[in-house]
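Numbered by numbering that gives the first Met the number 0, the letters in the sequence shown go through residues 0 to 262 in order.
Idealized CB from N, CA, C, for every residue including glycine.
Down below is the structure, laid out as structure tokens.
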Amino acid sequence: MRIAIGQLTTGPDPDKNLRLVEEWTRRAADAGARVVVFPEASMACFGTPLAPLAQPLDGPWADGVREIARATGTVVVAGMFTPADEGRVANTLLATGPGVEESYDKIHLYDAFGFRESETVAPGSRPAVIDVDGVRLGLATCYDVRFPELFRAHADAGAVGTLLAASWGAGPGKLDQWELLVRARALDATVWVAAVGQADPGTPPGPAPTGIGHSLLVGPDGTVRASLGADPELLVTDLDVEEVGVVREKTSVLANRRPELWR
0 MRIAIGQLTT
10 GPDPDKNLRL
20 VEEWTRRAAD
30 AGARVVVFPE
40 ASMACFGTPL
50 APLAQPLDGP
60 WADGVREIAR
70 ATGTVVVAGM
80 FTPADEGRVA
90 NTLLATGPGV
100 EESYDKIHLY
110 DAFGFRESET
120 VAPGSRPAVI
130 DVDGVRLGLA
140 TCYDVRFPEL
150 FRAHADAGAV
160 GTLLAASWGA
170 GPGKLDQWEL
180 LVRARALDAT
190 VWVAAVGQAD
200 PGTPPGPAPT
210 GIGHSLLVGP
220 DGTVRASLGA
230 DPELLVTDLD
240 VEEVGVVREK
250 TSVLANRRPE
260 LWR
């Protein structure tokens with residue numbers, strides 16, 4: 000399966016960001032991509048008041064993504080914000096395209112490193128997978144990468160890969176953590192992980208996680224197969240679905256689990 004990782008930088012204007020998604024999706028489709036994955040907060044960057052911008056899944060921004068997917072014949076995965084309780088929003092991944100319509104609300108909220116996402120964002124409550132041409136792929140968002148249970152849940156649901164959308168926070172050691180965690184989650188669940196982050200916006204880092212770039216594709220054996228730097232860039236690469244079965248025969252971490260011991 001050919002997928003595209005769209006490491007872009009979004010701003011506070013959802014309409015401008017939607018035009019970016021359209022431009023990059025068309026480039027990916029021209030390169031033969033079947034799935035195009037964009038970062039968390041593709042609708043509007045962090046550091047922006049989110050509640051006034053939030054739209055429902057049947058609102059104009061989501062419908063715009065659907066039209067882009069329909070016009071290009073691709074499945075597009077992009078981060079947006081939807082209304083939630085108590086004046087908060089949900090940090091939502093929309094996955095849409097021919098034969099696919101799903102959404103995932105980020106389960107694990109980024110209350111870490113001096114940032115409290117839970118003050119403005121309500122947590123999700125269920126994992127989500129999509130089926131693209133018979134290939135199952137899980138959905139995850141940013142801070143989720145620190146929680147291996149979600150990626151194993153994707154594998155248990157039949158997924159051979161996880162699409163991880165992020166807007167990673169800058170700071171000492173954060174790039175090393177990003178790369179280590181993405182590789183570890185691929186090994187934990189023996190799945191491909193396509194991890195796409197917001198590109199580095201080039202401004203001094205603040206408390207909001209606005210991105211550091213360095214998106215990467217990791218194989219089910221934990222090795223990095225492709226990666227980007229800090230700047231905006233489109234990566235089109237192939238994911239070998241059959242390799243998952245080969246790796247699982249050799250590294251039986253899913254089969255060898257003893258979950259009954261930890262309940």
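Own chain partners of M0 with C-beta closer than 8 Å, once the 5 adjacent residues on each side are dropped: The beta carbon of M0 sits closer than 8 Å to the beta carbons of R33, V34, V131, D132, V134, D237, L238 and V240 from its chain, once the five residues preceding and following it are set aside; these are given in chain order.
Strand pairing of P59, partner residues [DSSP]: The partner list for P59 (beta bridge, DSSP) is empty, contrary to what the question assumes.
Own chain partners of A229 with C-beta closer than 8 Å, once the 5 adjacent residues on each side are dropped: Answer for A229: A198, D199, I211, G212 and H213, listed in chain order.
Beta strand (DSSP E) segment containing V223, residue limits: From DSSP, the beta strand (DSSP E) with V223 extends over V223 to S226.
Residue from A94, A40 and I2 whose Cα sits closest to the Cα of G168: When only C-alpha atoms are compared, the closest one is A40.
Distance between T202 and L174 (C-alpha atoms, nearest Å): When rounded, the distance between both Cα atoms is 17 Å.
Buried/exposed call for T222, threshold 16 Cβ in 10 Å: Label assigned to T222: exposed.
Unbroken alpha helix (DSSP H) run spanning D14, endpoints: From DSSP, the alpha helix (DSSP H) with D14 extends over P13 to D29.
Where the beta strand (DSSP E) containing W191 begins and where it ends: Its beta strand (DSSP E) spans residues W191 to G196.
Cross-strand partners of V264 (DSSP beta bridge): In the structure displayed, the chain extends from 0 to 262; residue 264 sits before or after that span and is not available.
Beta strand (DSSP E) runs contained entirely in the region 67–143, provided each spans 3 or more residues: Every beta strand (DSSP E) stretch that sits fully inside the region 67–143 and reaches 3 residues is listed by chain position as 74–82, 88–96, 99–104, 128–131 and 134–140.
Exposure label - E66; buried when at least 16 CB within 10 Å: Taking all protein chains shown into account, E66 has fewer than 16 neighbouring C-beta atoms within 10 Å of its C-beta and is therefore exposed.
For A111, the nearest candidate out of Y142, G98 and L138 (CA to CA): Cα-wise, what sits closest to A111 is Y142.
C-alpha distance - G98 paired with E21, whole-angstrom precision: When rounded, the distance between both Cα atoms is 19 Å.
Beta-carbon separation (whole angstroms), E178 vs L215, contact threshold 8 Å: Contact annotation, E178 with L215: C-beta distance approximately 7 Å; criterion of less than 8 Å satisfied.
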